[in-house]
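Report on the following structure.
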Amino acid sequence: MTSTPSWPSLYNPAVEIFPIENRDPVQPQGKYLQDPHDIFRFTLFWTFVLYAPSFVVCGVYAFLNLSFPPRRLLRKGRRTRPPLNASGSSYKNGEDVPLRRYDRQGLGADIRIRSQSQLRLPARSPAKQNERRSRLTFAVLVFMLFAAVALAGAVVGSAVIGYVLAGLFKAARYNMST
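So this note's numbering is basically just the index in the sequence shown, starting at one, shifted up by 945.
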């Protein structure tokens, strides 16, 4: 009873339950955890088995979505966006309607504009690709983040649950079976 059982040490509860009358609380065939560190270790291993796979599955899903992004399928009857011209605009004269600058005096017909440059906003530089990190590198980083969160969550959760259970069982003078 003093030695720690090996993990997973799946316990058969029928050892203690049938028959329950006139039996000691600790059975010779039973496997019990007495030391709080052993309780933490068992809780940690079972948390890895039952908690971490959900994070790994979500991490693999995020990895695949970032590595191979889904494509939009065009349905019949949907309008597509007109192609962009060299200036980055989809309109013929090169200016985007929502970005037109108007003068403060109003939009009357008597106002004359001396040049087209008064209507246009300054040109924006095109968005740069990240030269140091590829899509695959970013996807691997996201997967590693999911794995690290799973590891940290399992360690913290099992530490709290394991040591709280050890304290409760010791205070109540119960024996924790595996």
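We put the CB at the ideal spot given by N, CA and C, even for glycine.
Per-residue DSSP class, three states only, for residue i
i	result
LEU955	coil
LEU1090	helix
SER1079	coil
SER948	coil
LEU978	strand
Cβ neighbours of residue i in the same chain (closer than 7 angstroms, five flanking residues each side left out)
i	result
TYR1119	none
LEU1011	ARG1080, PHE1083, ALA1084 and VAL1087
Cβ-based neighbour list, residue i, same chain, cut-off 6 angstroms, excluding 5 preceding and 5 following
i	result
PHE1088	GLY1004 and PHE1008
PRO973	none
8 angstroms contact criterion, which residue i and residue j should meet: CB distance rounded
i	j	result
VAL1001	PHE1091	7 angstroms
ILE984	GLY1107	5 angstroms
PHE990	TRP952	5 angstroms
Cutoff 8 angstroms; reference residue i; Cβ partners in own chain excluding five residues on either side
i	result
SER919	There is no way to answer for residue 919, as the model of the chain reaches only from 946 to 1123.
GLY1102	THR992 and TYR996
GLY1112	PRO981
ASP969	none
When the options are compared against residue i, the one with the closest alpha-carbon
i	options	result
PRO950	GLY1102, TYR996, SER999 and ARG986	ARG986
LEU1110	THR988, PHE963 and PHE1013	THR988
ALA1093	PRO998, GLU966, ASP969 and SER954	PRO998
LEU1096	ASP969, ASN967 and VAL994	VAL994
8 angstroms Cβ cutoff, residue i in contact with chain D
i	result
LEU1090	Of the protein chains in the structure, only one exists, and it is not chain D.
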